[in-house]
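What follows is one structure encoded as structure tokens, with my remarks underneath.
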Amino acid sequence: MGKTVRFACGAASVVTFVIGVLLIIAGLVVVLKVVPDQTKKTIKEQKQLIKYKNGTYNDYTKDWANPKYISRIQYWVYDYKNPISIINRGQLPDMDEKGPYTYVETTTNDIDGMQDDDRMLTYTQHIKYVFDPTQSCLGCDPLVDKVLVPDVSYFVAMQTLTELPLGALCQQLFPTLPCELIEEEYETVILSLIDDALAAFKAGPFIEVTIDKLLISGYEPPFYTRFIQNVADFICLLLQTPPSQCVVSSPQNVSYGQTLNYTSPHYTILTGKGDYQRVGFIQSFTMENQYNESQPWITNGTLLPAAWWSDCGGDIQASLHARTIRGNTGDFFPSFLKTTDVVPIYVDSICRSIDMTYQKKMYLRSSIGDPVKTVASASRCSTIFTIRTPVTHATQTELWTSADAKMQTGTILMAHKRMQINVMANQFPNISTMSVFMPGAYPIYWLNESFYADQGTVHDIKSDLINQVKLYKIICYSVVGLGGLLMLLSLLSMFGVIYAQRHKDD
Numbered sequence: 043m044g045k046t047v048r049f050a051c052g053a054a055s056v057v058t059f060v061i062g063v064l065l066i067i068a069g070l071v072v073v074l075k076v077v078p079d080q081t082k083k084t085i086k087e088q089k090q091l092i093k094y095k096n097g098t099y100n101d102y103t104k105d106w107a108n109p110k111y112i113s114r115i116q117y118w119v120y121d122y123k124n125p126i127s128i129i130n131r132g133q134l135p136d137m138d139e140k141g142p143y144t145y146v147e148t149t150t151n152d153i154d155g156m157q158d159d160d161r162m163l164t165y166t167q168h169i170k171y172v173f174d175p176t177q178s179c180l181g182c183d184p185l186v187d188k189v190l191v192p193d194v195s196y197f198v199a200m201q202t203l204t205e206l207p208l209g210a211l212c213q214q215l216f217p218t219l220p221c222e223l224i225e226e227e228y229e230t231v232i233l234s235l236i237d238d239a240l241a242a243f244k245a246g247p248f249i250e251v252t253i254d255k256l257l258i259s260g261y262e263p264p265f266y267t268r269f270i271q272n273v274a275d276f277i278c279l280l281l282q283t284p285p286s287q288c289v290v291s292s293p294q295n296v297s298y299g300q301t302l303n304y305t306s307p308h309y310t311i312l313t314g315k316g317d318y319q320r321v322g323f324i325q326s327f328t329m330e331n332q333y334n335e336s337q338p339w340i341t342n343g344t345l346l347p348a349a350w351w352s353d354c355g356g357d358i359q360a361s362l363h364a365r366t367i368r369g370n371t372g373d374f375f376p377s378f379l380k381t382t383d384v385v386p387i388y389v390d391s392i393c394r395s396i397d398m399t400y401q402k403k404m405y406l407r408s409s410i411g412d413p414v415k416t417v418a419s420a421s422r423c424s425t426i427f428t429i430r431t432p433v434t435h436a437t438q439t440e441l442w443t444s445a446d447a448k449m450q451t452g453t454i455l456m457a458h459k460r461m462q463i464n465v466m467a468n469q470f471p472n473i474s475t476m477s478v479f480m481p482g483a484y485p486i487y488w489l490n491e492s493f494y495a496d497q498g499t500v501h502d503i504k505s506d507l508i509n510q511v512k513l514y515k516i517i518c519y520s521v522v523g524l525g526g527l528l529m530l531l532s533l534l535s536m537f538g539v540i541y542a543q544r545h546k547d548d
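As structure tokens, this is what we get:
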């Protein structure tokens, strides 16, 4: 082999080797840096609630305003079988479980406007519930099926009557009457009235209602209605006031679930402008006060109204952390999640913020913050009725709130919200008929609310982002492979030249 040929082959090998190295570097840079940065930039630009100058919204906002998720909520209701033994003998409850009663959800988010240079958005969520017999237990009809359950209004009334002085109760019921004239000696009369009322009205701590009245339409609290009026008549007798001035207005119906047409509070949230990872974070909300229409419930920034938190004692402590609204309502999930990230979500049905932590390719609720003084309400937190939501139905994992989300985009593919609603019932030793009643948390129902991404959403994720990223990676890895091949060929060529030179020398 001539010297010129060997030089040319050597030069070609070096050039080929350099080109191979450059291709590998370029491919790795694109795969490890350019593609992730471009993907992040694309998601950052798209994952914002944006209103254009022509008055239209971007696709991300449109999809959120009219979500395509397949949603349903299922209830399993407890039917108490031994109420007499519970009341008279202090026995533990014996219950049957009925269900599931399944309702299909249709959700819309009505946008009211934007403010603060489009960094804030105000909206109201509307949810319609329709009973689905095909997904419910065989032959189940919520309008016909009945269950015997603890009457939460009974325990609220009993707690009030046994702890509140008669004069103070008079002041609450009739602020214009001279309640200060009621003497303390009449306080014990109330206790005897309660015992008489239990026998006369046949109203006690349990009530038989239909599933629909328990969960949806609500039922009139019999003991609360009848006995409070009885107390009012007694107050009028003491004060020698005409009966027409002591008429107690009918209380609101008791419902443990929701109406068929639910309207959320009026939320103010972040649009993601300036920080796309905080899109949807709640900044405040306003909601109707069903007890005083002129004074709506308003949060103090991200602090829930103090009036929602009761004065119950025991080992339950008040906490600003528990009252603080953290995160969004669960409609949004951060992008580019790490397994160490904690995702806060505000669950409006229990008026609490929960923390989602990564576990086994899913984000699960790890805690609901510090214990609180309240009792989340039977009607979206603003009623007087006391309930609690401890995990008692099954294993803790089964009742966790969970979400299966794409770690890169933050798109939720599937989510479950599971919880059990219980009535906190006290023992009343001064009332003979309730002196042996076992205090504690009495279950009413447990629910599973499920959300599934539709096939269109899954297809859009794949076509808009995942498939593109895969294509870029395939091209880049092909370039890296080509670079490696060129390097291999150049090395073989160099070895060939060296071998030929040594063979010639020999």
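Going by our numbering, the first residue of the sequence shown is number 43, and it counts up by one from there.
Where is the CB? At the ideal position from N, CA and C, for every residue including glycine.
Note that this is a predicted model, so its numbers are computed, not measured.
Closest by CA to residue i, which one among the options?
i, options, result
"residue 295", "144, 193, 349", "193"
"residue 147", "114, 137, 395, 136", "114"
"residue 139", "182, 258, 158", "182"
"residue 156", "111, 172, 312", "312"
"residue 112", "523, 87, 492, 520", "492"
"residue 217", "287, 262, 110, 246", "287"
"residue 203", "481, 470, 523", "470"
"residue 171", "271, 221, 116, 346", "116"
"residue 118", "490, 516, 496", "490"
"residue 472", "496, 201, 184", "201"
"residue 263", "280, 100, 283, 298", "298"
"residue 393", "71, 249, 371", "371"
Going by the DSSP bridge assignment, what does residue i pair with across the sheet?
i, result
"residue 147", "113, 171"
"residue 339", "329"
"residue 549", "Missing from the structure shown is residue 549; the chain here goes from 43 to 548 and no further."
"residue 131", "Paired residues: none, contrary to the question."
"residue 490", "116, 460"
"residue 574", "Absent from the structure is residue 574, since the part of the chain shown begins at 43 and ends at 548."
"residue 216", "Residue 216 pairs with nothing; no bridge assigned."
"residue 249", "191"
"residue 200", "DSSP, once it has assigned bridges, lists no residue as partnering residue 200."
"residue 166", "152, 308"
"residue 385", "398"
"residue 157", "162"
"residue 480", "In the DSSP output, where bridge partners are listed per residue, residue 480 has none listed."
Suppose you measure from the CA of residue i to the CA of residue j; what does that come to, to the nearest Å?
i, j, result
"residue 189", "residue 169", "26 Å"
"residue 317", "residue 369", "13 Å"
"residue 251", "residue 329", "29 Å"
"residue 303", "residue 260", "14 Å"
"residue 149", "residue 484", "31 Å"
"residue 151", "residue 67", "48 Å"
"residue 300", "residue 349", "21 Å"
"residue 186", "residue 254", "8 Å"
"residue 530", "residue 64", "14 Å"
"residue 98", "residue 373", "21 Å"
"residue 454", "residue 102", "14 Å"
"residue 223", "residue 310", "48 Å"
"residue 153", "residue 163", "7 Å"
"residue 107", "residue 92", "12 Å"
"residue 120", "residue 486", "6 Å"
"residue 191", "residue 256", "9 Å"
"residue 488", "residue 464", "9 Å"
"residue 474", "residue 213", "27 Å"
"residue 523", "residue 81", "23 Å"
"residue 378", "residue 94", "26 Å"
"residue 258", "residue 85", "40 Å"
"residue 322", "residue 347", "20 Å"
"residue 365", "residue 74", "42 Å"
To which residues of the same chain is residue i closer than 8 Å at the C-beta, ignoring the five residues directly before and after it?
i, result
"residue 337", "331"
"residue 343", "325, 326"
"residue 179", "140, 141, 142, 143"
"residue 285", "275, 278"
"residue 376", "319, 383, 385, 452"
"residue 434", "Reliability fails at residue 434, whose pLDDT of 45 lies under 50, so the model's placement of it is uncertain and the value that follows must be treated cautiously. Around residue 434: 462, 464, 483, 485."
Skipping 5 residues on each side, what residues in its chain have a beta carbon closer than 7 Å to that of residue i?
i, result
"residue 305", "166, 168"
"residue 315", "90, 160, 161"
"residue 271", "290"
"residue 177", "114, 144"
Is any beta-carbon of chain B found at less than 8 Å from that of residue i?
i, result
"residue 368", "This model lacks chain B altogether, as it is built from one protein chain only."
Grab me the residues of residue i's own chain with a C-beta within less than 6 Å of its C-beta, minus the 5 sequence neighbours each way, in chain order.
i, result
"residue 197", "467"
"residue 533", "none"
"residue 174", "144, 146"
"residue 123", "136"
"residue 494", "112, 456"
Could you tell me whether any non-hydrogen atom of the ligand NAP is closer than 7 Å to the CB of residue i?
i, result
"residue 223", "For the structure depicted, the ligand NAP is absent and the ligand set is empty, with no information on it obtainable."
Segments assigned beta strand (DSSP E), at least 3 residues, entirely inside the stretch 262–332
303–312, 324–329
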